[in-house]
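So the number in my numbering is just where the residue sits in the first sequence, counting from 1, plus 77.
Backbone N, C-alpha and C define an ideal beta-carbon position, used for all residues, glycine too.
Notes follow once the structure below has been shown.
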Amino acid sequence: MPTDSAAAHELAKSYDPKEVESRWTDSWESRGFFRADARSHKPSFTIVLPPPNITGALHMGHALTATIQDIMVRHKRMSGFNALWLPGIDHAGIATQMVVERELKKTEKKSRHDLGREAFVERVWKWKEKTGNRIQFQHRALGASLDWSRERFTMDAGSNRAVNEVFVRLYEEGLLYRAERLINWCPSCQTALSDLEVDHEEGAKGELWSFAYPLADGSGEIVVATTRPETMLGDTAVAVHPDDERYRALVGKNVRHPITGREFAIIADAILVDPEFGTGAVKVTPAHDFNDFAVGQRHSLPLIDVLDPDGRLNENGGPFAGLDRFEARKAVKARLAELGLDRGAQEHVLALGRCQRCATVVEPYLSKQWYVKIEPLAKKAIAAVEDGRTRFVPETWTNTYFAWMRNIHDWCISRQLWWGHQIPAWYVEGASGEIIVARTEQDAYSKARARHGDGVKLVRDEDVLDTWFSSGLWPFSTLGWPEKTDDLATFYPTSVMETGFDIIFFWVARMMMFGLHFMKDVPFRTVYLHAMVRDEKGEKMSKVKGNVIDPLDVTAKYGADAMRFTLASMAAQGRDIKLSLKRIEGYRAFGNKLWNATRFALMNLGDYDHAAAQAAPRSDADRWILARTRTAALEVDRALEEYRFSDYASVVYQFVWGDLCDWYIELSKTALYGEDPKGRAAAQYALVTALDAALRMLHPAMPFITEELWQRLPAALKAAESICIAPFPIAADFPEDEAIEREFKPILSAILALRAFRGESGLPFGTRFTASVVASGPTAEAIRKYRALVEKLTNTDVVFGWEEPVAHAVLPGEGFEIRVALEGLVNLAEERLRTEKDLGRIVAELAGIEARLANSSFVARAPAEIVEKDRARAAELHARRERLGRHLQSLG
RNA sequence: AGGCCCGUAGCUCAGUGGUAGAGCGCUUCCUUGACACGGAAGAGGUCGUUGGUUCGAAACCAAUCGGGCCUACCA
78 MPTDSAAAHE LAKSYDPKEV ESRWTDSWES RGFFRADARS HKPSFTIVLP
128 PPNITGALHM GHALTATIQD IMVRHKRMSG FNALWLPGID HAGIATQMVV
178 ERELKKTEKK SRHDLGREAF VERVWKWKEK TGNRIQFQHR ALGASLDWSR
228 ERFTMDAGSN RAVNEVFVRL YEEGLLYRAE RLINWCPSCQ TALSDLEVDH
278 EEGAKGELWS FAYPLADGSG EIVVATTRPE TMLGDTAVAV HPDDERYRAL
328 VGKNVRHPIT GREFAIIADA ILVDPEFGTG AVKVTPAHDF NDFAVGQRHS
378 LPLIDVLDPD GRLNENGGPF AGLDRFEARK AVKARLAELG LDRGAQEHVL
428 ALGRCQRCAT VVEPYLSKQW YVKIEPLAKK AIAAVEDGRT RFVPETWTNT
478 YFAWMRNIHD WCISRQLWWG HQIPAWYVEG ASGEIIVART EQDAYSKARA
528 RHGDGVKLVR DEDVLDTWFS SGLWPFSTLG WPEKTDDLAT FYPTSVMETG
578 FDIIFFWVAR MMMFGLHFMK DVPFRTVYLH AMVRDEKGEK MSKVKGNVID
628 PLDVTAKYGA DAMRFTLASM AAQGRDIKLS LKRIEGYRAF GNKLWNATRF
678 ALMNLGDYDH AAAQAAPRSD ADRWILARTR TAALEVDRAL EEYRFSDYAS
728 VVYQFVWGDL CDWYIELSKT ALYGEDPKGR AAAQYALVTA LDAALRMLHP
778 AMPFITEELW QRLPAALKAA ESICIAPFPI AADFPEDEAI EREFKPILSA
828 ILALRAFRGE SGLPFGTRFT ASVVASGPTA EAIRKYRALV EKLTNTDVVF
878 GWEEPVAHAV LPGEGFEIRV ALEGLVNLAE ERLRTEKDLG RIVAELAGIE
928 ARLANSSFVA RAPAEIVEKD RARAAELHAR RERLGRHLQS LG
């Protein structure tokens, strides 16, 4: 590894991320920089990576997640923490099973049933190997400093042990139960879904269709309306509002079902019925509608289940049995119309429930499932956020969390799938059907034998658990729970949970509940929720739309560092990040800038002697850049501590490009190329110090280029073998020097004024002219001291004093004035225009300030320092206005 | 129905009480010994609208318009 500064010659003229980035990941990992120590005495900082689904590859959202987390982890690691970033992947039950089934169908034209459960699950494991490796590869390409020695999977043996343990304990505590109820059923996936797994299609256009039920005594009819006519085959009541005069006489009477001939009652129910809506009479289908189910319980109505698991009508559908529900809908309507009972239709907008995974319309369906009694768990999770043990960033999510937690429903956790953690419940074969819940089959049998003798036979529940059940345990199952491990003692509670706001309920809430219940402490101190990455039009990226930007493609084109920096700089946005490649391109240029700044430094460090350089008396310019470095370190630290990643990015960007490259490198050239060895040494010191600080500050966001460049800095500066473990810069590392920015200001403004004059007068840089400085006191001294520097940066000859009464330009500055003879440079008309423009700006600004100062309540009520600042500024502008006014007159 | 977020330069977005900012794009000039993925100088904004609070509002409050999201059992 080149450490000699002669290495500058090895730096290419421009930065090629591809060449550099491929080298470092292996090097870092092989030296164990990212391996956390369970027995360290250092304070720990822990993040568990939200496990990506094994269904596919990482997308931009994952890249954002990885970037933000890596910034935090690298920052803390460099700041002396025992940093653990724990990777893993999620088995994603339904999603994965679907993907593998689809593939099976495509390649072998087989269904999972053709293979059988065991062979199918085997297939999924194979699939997992492939995609799991790809996800790992992608994270490495992004530069994620994950501790791969601790990598976990939500279906590995450890997770399975944790899942079974949790299931058994919850069951024993009475917080798990099995019940027959209505659930959300996906006829395509053929499994139960939790409320959260149903997406509601906003504003779906439907039809509200009305038909009449004839009264059983033939005395008339009652008209009801429905969006799902086929469910009328399972109706067991018609409900009206008890106070509704129109129907009061009908309550208690029976209607006759026009298709099945069954008779059932007209009931009064104040909760279900809104007399204002439709006809004010509602058909009641307790087996296929959540509200109707509740009505059925209130009024002891029979349940008639008319659907099969695949969405076809069952034998209760009478003549329509065997028809798909949508076919049956048409058929039922046609039949009722034939019977003369059609009472018309109207358009109706509704929120249509669809399966999150396959978009099939979900049916409320009667079945027996496992539930978590969630309220006792939710209570603790609410309290932990109320009393601040866990904090949300941005804070606004706290309300969302509370709203959901306080209105929570029992969680249906069983799924009719093959891929997942099989429920550790067994049923005693025979009439009783007694449930035995145990950690292992062996345990289950010993429990069963104790009660029923040796001959007892058990059948295991076939269902598996909701994926989120196992991911809910993630912050502690990954650390070894239920064993009492060192990892658990050292790293739990974790420091930050950083994830997308879209899974606040699915995941964050569940981890809170399980963590508090089983670990007796919150799973994380802070929840940082980031925005969604969308395409440049603001649309959600999806494979279907084909607008997915693959992070690997971006990385290949612009480099991982540029992509990471872009994501960090956009991380402050509300809910959407519209990612544009132009922006990434801009930050690739930033990498190149940094590369060339280092290249410049190395070209001038061939004879660098750290001790001598450190001791050399610093010029004002040197002091200035060190002061800027201190300020940058301070601001970076604050931004990172407060999770303001975009501020962090912009502070470092401004520091590197603005302060270091645009100013200091230019300023340092006179000293570096000059005759004075001490001046040169001091400039070398300031340059390399600022650069080193910049690299270390930037490392969490741009790990590759910073390591590559940092390795080439003089050995004396480097306290570590890698920038990954070098100390993160803090303000205290740099001298406190509050006066320098003020003292150095005349130099900078003289340069700016001359450049502006040149630009506005259309003088090319090659045209050299004489700038006469009129100044006195310390300002004159300062400019005199830096005469050579000003001359170099503005290509002028700087002289002091002014006597010749020739036509000239006036460039007013704070405490000084520069005059330039116009003869042969600029004609009078042009100069007049330029001056008028300048004067115009001054007059406008002065008018604003004077108006404020003329306002007596401003002077009386605004803080003194604000008023003072305005007065000083007004005086300054006033002087300039006078000066320019006279100047304009002199121009004729 | 309720809740939340967004509306600032042509585009993508920072900025949360004290003289409007960045990146890209645009105009003019520049192969000045790190960098044309560059340098210098510019143009461009009544900060969605209307009220209010305040000495002072892009920022705080209230309405309103536009865009988006989430929760919820209106048949």
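- Going by beta carbons, ALA347 and TYR324 fall outside the 8 Å limit.
- Secondary structure note for VAL240: it is in no beta strand (DSSP E), and the uninterrupted alpha helix (DSSP H) holding it is 234 to 249.
- Annotated as distal: LEU400 and VAL372, with beta-carbon spacing of 8 Å or more.
- ASN331 places its beta carbon less than 8 Å from that of ALA342.
- Residue pairing for ILE512: DSSP places it in a beta bridge opposite TYR504.
- In the DSSP assignment, THR184 falls within the unbroken alpha helix (DSSP H) covering 170 to 185.
- In this structure the segment 424 to 439 lies against the segment 280 to 300, because at least three pairs of beta carbons, one per stretch, are closer than 8 Å.
- Less than 8 Å separates the beta-carbon of VAL729 from that of LEU775.
- PRO804 is classed as exposed because its beta carbon has fewer than 16 other beta carbons within 10 Å across all chains shown.
- Rounded to whole angstroms, the separation of the alpha carbons of LYS207 and PHE197 is 16 Å.
- Annotation: the segment 672 to 701 contains the following complete segments of the alpha helix (DSSP H) (minimum length 4 residues), in chain order: 687 to 692.
- Relative to the Cα of GLU472, the nearest Cα in the group ILE381, GLY109 and THR603 belongs to THR603.
- If you look at TRP787, you'll find it in the alpha helix (DSSP H) that goes 780 to 787.
- In the structure shown, ASN261 falls within a strand segment according to DSSP collapsed to helix, strand and coil.
- If you check the CB distance, TYR664 and VAL470 do not come in under 8 Å.
- Here LEU905 is exposed. Its C-beta has fewer than 16 other C-beta atoms within 10 Å.
- Per DSSP, the continuous beta strand (DSSP E) segment holding LYS445 begins and ends at 440 to 449.
- If you ignore the 5 residues before and after MET590, its C-beta comes within less than 8 Å of the C-beta of ILE451, LEU454, ALA455, LYS457, ALA458 and GLY549, all in its own chain and listed in chain order.
- According to DSSP, THR571 shares a beta bridge with PHE601.
- According to the DSSP assignment, MET609 belongs to no alpha helix (DSSP H) but to the beta strand (DSSP E) extending over 609 to 611.
- For the pair of segments examined, the segment 802 to 821 was found to touch the segment 707 to 725: the number of CB pairs separated by less than 8 Å reaches three.
- Following the DSSP letters along the chain, one finds ASP769 inside the alpha helix (DSSP H) bounded by residues 754 to 775.
- Residues of the same chain with a CB within less than 6 Å of the CB of LEU965, apart from the 5 flanking positions on each side, are THR912 in chain order.
- For ALA689, the closest of ILE148, PRO754, ASP630 and GLN267 by C-alpha to C-alpha distance is PRO754.
- Around the C-beta of LYS659, fewer than 16 other C-beta atoms lie within 10 Å, and the residue is accordingly described as exposed.
- In the structure shown, HIS190 falls within a helical segment according to DSSP collapsed to helix, strand and coil.
- The bridge partners DSSP lists for TRP162 are ILE124.
- Under the rule that a run must span 3 or more residues, the beta strand (DSSP E) segments found entirely inside the segment 287 to 337 read 298 to 303, 314 to 317 and 331 to 333.
- Inclusion of THR231 and ASP312 in the CB contact set at 8 Å is not warranted, their separation being larger than that value.
- Residue pairing by DSSP puts SER849 in a beta bridge opposite VAL876 and ARG896.
- By the Cβ neighbour-count rule, PRO501 is buried, with 16 or more other Cβ atoms within 10 Å of its own.
- Contact between ALA637 and PHE781 is confirmed by a C-beta separation of about 6 Å, below the 8 Å threshold.
- With fewer than 16 neighbouring CB atoms inside 10 Å of its own CB, ASN932 falls in the exposed class.
- Under DSSP, THR268 forms a beta bridge with CYS263.
- In the DSSP annotation of this structure, the continuous segment of the beta strand (DSSP E) that includes ALA428 starts and ends at 419 to 432.
- Nearest to ALA956 by alpha-carbon distance, out of VAL875, THR437 and GLY892, is GLY892.
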